[in-house]
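Letter 58 of the sequence shown, counting from 1, is numbered 70 in the numbering used here, and no numbers are missing.
Yeah, the Cβ is synthetic: ideal placement off N, Cα and C, and Gly gets one too.
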Amino acid sequence: MTESFENQWLRRSDAGGVAVQDVPAALGLRKEPTPTNVMETQSLQLWYSGRQVLKGVSVPVVQGKVTAIVGPSGCGKTTLLRSLNRLTDLSRNCRIEGKILLDGEDCMAMDPVALRRRVGMVFQRPNPFPMSIRENVLYGVRAQKRKKARFDEIVEASLRKAVIWDEVKDRLDESALNLSGGQQQRICIARTLAVSPEVVLMDEPAASLDPRSTAKLEESVMAMRGEYTVVAVTHELSQARRISENLVFIYEGHIVEFGETKQLFEDPREEATRDYLSGGLVTSIEEEEAAS
Ligand SMILES: Nc1ncnc2c1ncn2[C@@H]1O[C@H](COP(=O)(O)OP(=O)(O)OP(=O)(O)O)[C@@H](O)[C@H]1O
Ligand SMILES: [Mg+2]
13 MTESFENQWL
23 RRSDAGGVAV
33 QDVPAALGLR
43 KEPTPTNVME
53 TQSLQLWYSG
63 RQVLKGVSVP
73 VVQGKVTAIV
83 GPSGCGKTTL
93 LRSLNRLTDL
103 SRNCRIEGKI
113 LLDGEDCMAM
123 DPVALRRRVG
133 MVFQRPNPFP
143 MSIRENVLYG
153 VRAQKRKKAR
163 FDEIVEASLR
173 KAVIWDEVKD
183 RLDESALNLS
193 GGQQQRICIA
203 RTLAVSPEVV
213 LMDEPAASLD
223 PRSTAKLEES
233 VMAMRGEYTV
243 VAVTHELSQA
253 RRISENLVFI
263 YEGHIVEFGE
273 TKQLFEDPRE
283 EATRDYLSGG
293 LVTSIEEEEA
303 AS
């Protein structure tokens, strides 16, 4: 007697350690939700003073996932990140072609301030405001005119997500400037999360932190998975591997490869990705030329 397909599959999945609840999806009986792209760049080109830095970048930003951007120094990571909430507008010598979409809307046609409310940013260096921890977290919330009754709730939830609640819950009215650099950076994360942005951008958020603070920060980014959409630039490949679900590898203004982090580290399509992720391609050609 031939065994039914379902049974064969179950036996195989038992042997392979695949969870039984995945069977309906595997049989096509239950559709997995299709990932949604909250943001997307399409053929994005960017010049500073006529010098091209981004050369036709098309990348999706998948909802609820942490996407890491990696690549050698000077390849355009910060530029790509800052273009997503039009911080690049602040450089007068900058010209952009191509599209940046947020929920299908053209970001270039939006009011930049409104865009930055929807697409928040955590910078490389912690930049808390000279005010209390509580007021730092509520800074953007007050502008949103949300119900005051919810303020305590928002402060606690945001500080918890930033993995700093336990350290500051008894000193919320103290100045944020009294905190350590690592704590200040997590306050900045809480401040960004408090306004419930659709996307959180982070540019090497752990660059100025010691290993212990870095571990806390990574914990916070991992806690955001599922609930927030995060795009983080990092120099640290091991960090990208730990914190991200999707990976963008950019090289001299081109996207070499985009995909699931695990797949890019274990079985990349491109030789250049393999070289870079295994520690080979560390400098850009320009840097090599400058050094020789
Ligand atoms: N405001 C600016 N005006 C002119 N050139 C700029 C400006 N900002 C960046 N650039 C140039 O654009 C290129 C890409 O810079 P970007 O900061 O995006 O690189 P990066 O990949 O983030 O590098 P790093 O890893 O060192 O932070 C570099 O050659 C840089 O000098
Ligand atoms: Mg940078």
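Query - W59 - partner residues in DSSP beta bridges - result: The sequence position of residue 59 within the sequence shown is 47, counting from 1. DSSP lists Q64 and R107 as partners of W59.
Query raised in the report: Looking at the structure shown, is Q75 part of a helix, part of a strand, or coil, going by DSSP?
Result: Taking the sequence shown and counting its residues from 1, one reaches residue 75 at position 63. The DSSP-derived three-state label of Q75 is coil.
Query raised in the report: Among E168, R130 and Q64, which one has its Cα closest to the Cα of T91?
Result: Within the sequence shown, the letter at position 79 stands for residue 91. Of the listed residues, the one whose Cα sits closest to T91 is Q64.
Query - Residue closest to E231, alpha-carbon to alpha-carbon, out of D115, E269, C87 and S256 - result: Within the sequence shown, the letter at position 219 stands for residue 231. Nearest of D115, E269, C87 and S256 to E231, Cα basis: S256.
Query raised in the report: Is T46 near ligand 2, going by C-beta to nearest heavy atom under 7 Å?
Result: One-based indexing of the sequence shown puts residue 46 at position 34. For ligand 2, not one heavy atom lies less than 7 Å from the Cβ of T46.
Requested in this report: Enumerate, from N- to C-terminal direction, the unbroken beta strand (DSSP E) stretches of 3 or more residues contained entirely within the stretch 211 to 263.
Outcome: At a cut-off of 3 residues, the continuous stretches assigned as beta strand (DSSP E) that sit fully inside the stretch 211 to 263 are 211 to 215, 242 to 245 and 258 to 263.
**Report entry** 8 Å contact criterion, which A174 and R154 should meet: CB distance rounded
**Finding:** The count along the sequence shown starts at 1 and reaches residue 174 at position 162. The count along the sequence shown starts at 1 and reaches residue 154 at position 142. A174 to R154, Cβ: 18 Å. No contact.
Query - Buried versus exposed call for P209 [16 or more other C-beta atoms within 10 Å across all chains shown] - result: By one-based count along the sequence shown, residue 209 stands at place 197. So P209 counts as buried.
Query - V245 beta carbon near ligand 2 (any heavy atom closer than 7 Å) - result: The residue labelled residue 245 in the question sits at position 233 within the sequence shown. Because some heavy atom of ligand 2 lies under 7 Å away, the Cβ of V245 counts as near it: yes.
Requested in this report: Quick one: residues in its chain with C-beta nearer than 6 Å to the C-beta of S225, no 5 flanking neighbours on either side, listed in chain order?
Outcome: Counted from its first residue, the sequence shown places residue 225 at position 213. Excluding sequence neighbours, S225 sits near G194.
Query raised in the report: Near G83, which residues of its chain fall below 7 Å by C-beta distance, leaving aside the five closest residues on each side in sequence?
Result: Position 71 of the sequence shown, counted from the first residue, corresponds to residue 83. Taking C-beta separations shorter than 7 Å and ignoring five residues to either side along the sequence, the partners of G83 in its chain run K89, F261, I262 and Y263, following chain order.
Query raised in the report: Using a Cβ-Cβ cut-off of 6 Å (strictly less than) and excluding sequence neighbours within five positions of P72, which residues of its own chain qualify?
Result: As a working mapping, residue 72 is identified with position 60 in the sequence shown. Cβ within range, chain order: N49 and E52.
Query raised in the report: How is the beta strand (DSSP E) around G88 delimited, first residue to last?
Result: Your numbering for residue 88 matches position 76 in the sequence shown. It is not in any beta strand (DSSP E) - G88 carries neither H nor E in the DSSP assignment.
**Report entry** C-alpha distance - S70 paired with F270, whole-angstrom precision
**Finding:** Here residue 70 corresponds to residue number 58 of the sequence shown, with the count starting at 1. Here residue 270 corresponds to residue number 258 of the sequence shown, with the count starting at 1. About 10 Å.
Query raised in the report: Alpha carbon to alpha carbon, how far is N139 from V211?
Result: Numbered from 1 along the sequence shown, position 127 holds the residue referred to as residue 139. Numbered from 1 along the sequence shown, position 199 holds the residue referred to as residue 211. C-alpha separation (whole angstroms): 19 Å.
Query raised in the report: Between T90 and ligand 2, is the CB less than 7 Å from at least one heavy atom?
Result: Taking the sequence shown and counting its residues from 1, the one referred to as residue 90 is at position 78. Closer than 7 Å to some heavy atom of ligand 2: that describes the Cβ of T90.
Query raised in the report: Just to check, is the beta-carbon of V65 closer than 7 Å to a non-hydrogen atom of ligand 1?
Result: Taking the sequence shown and counting its residues from 1, the one referred to as residue 65 is at position 53. Checking every heavy atom of ligand 1 against the Cβ of V65, one is found closer than 7 Å.
Query raised in the report: So, T241 versus A80, is the Cβ gap smaller than 8 Å?
Result: The residue you call residue 241 lines up with position 229 of the sequence shown. The residue you call residue 80 lines up with position 68 of the sequence shown. Going by C-beta atoms, T241 is not nearer than 8 Å to A80.
Query raised in the report: Thinking C-beta only, is P124 closer than 8 Å to R104?
Result: Here residue 104 corresponds to residue number 92 of the sequence shown, with the count starting at 1. Here residue 124 corresponds to residue number 112 of the sequence shown, with the count starting at 1. One thing to note: R104 has its Cβ no nearer than 8 Å to the Cβ of P124.
Requested in this report: Kindly give me the distance between the Cβ atoms of M214 and V134, rounded to whole angstroms, as I take these residues to be in contact under 8 Å.
Outcome: Along the sequence shown, read from residue 1 onward, the residue named residue 214 stands at position 202. Along the sequence shown, read from residue 1 onward, the residue named residue 134 stands at position 122. Their Cβ separation, rounded to whole angstroms, is 4 Å, which keeps M214 and V134 in contact under 8 Å.
Query raised in the report: Three-state secondary structure (DSSP) at Q33?
Result: Here the question's residue 33 lines up with position 21 in the sequence shown. Reliability of the predicted coordinates at Q33 is poor, the pLDDT of 48 falling under 50, and the value obtained from them is presented with this limitation in mind. If DSSP states are grouped into helix, strand and coil, Q33 belongs with the helices.
Query raised in the report: In terms of residues, what are the limits of the alpha helix (DSSP H) holding G193?
Result: As a first step, residue 193 must be located in the sequence shown, where it is residue number 181. G193 -> alpha helix (DSSP H) spans G193 to A206.
Requested in this report: State yes or no: is the C-beta of S144 nearer than 7 Å to some heavy atom of ligand 1?
Outcome: The residue labelled residue 144 in the question sits at position 132 within the sequence shown. Taking 7 Å as the cut-off, the C-beta of S144 does not count as close to any heavy atom of ligand 1.
Query raised in the report: Between V131 and the rest of its own chain, which residues show a CB-CB distance below 7 Å, the 5 nearest in sequence each way excluded?
Result: The residue labelled residue 131 in the question sits at position 119 within the sequence shown. So the qualifying residues of the chain are L96, N97, L114, P209, E210, V211 and L213.
Report task. Within its chain, find whatever has a CB closer than 8 Å to the CB of R237; leave out the 5 residues flanking it on each side and keep chain order. Result -> As a working mapping, residue 237 is identified with position 225 in the sequence shown. Around R237: G76, K77, V78 and E257.
**Report entry** Residues that DSSP places opposite D118 in a beta bridge
**Finding:** Here residue 118 corresponds to residue number 106 of the sequence shown, with the count starting at 1. Paired residue(s): L113.
Report task. Check whether the Cβ atoms of S55 and G116 sit closer than 8 Å, and answer yes or no. Result -> Your numbering for residue 55 matches position 43 in the sequence shown. Your numbering for residue 116 matches position 104 in the sequence shown. No. Outside cutoff.
Query raised in the report: So is the beta-carbon of C87 under 7 Å away from any non-hydrogen atom of ligand 1?
Result: Locating residue 87 in the sequence shown gives position 75, counting from the first residue. Yes, the Cβ of C87 comes within 7 Å of a heavy atom of ligand 1.
Query - Local conformation of T48 per DSSP, three classes - result: The residue labelled residue 48 in the question sits at position 36 within the sequence shown. Coil, per DSSP.
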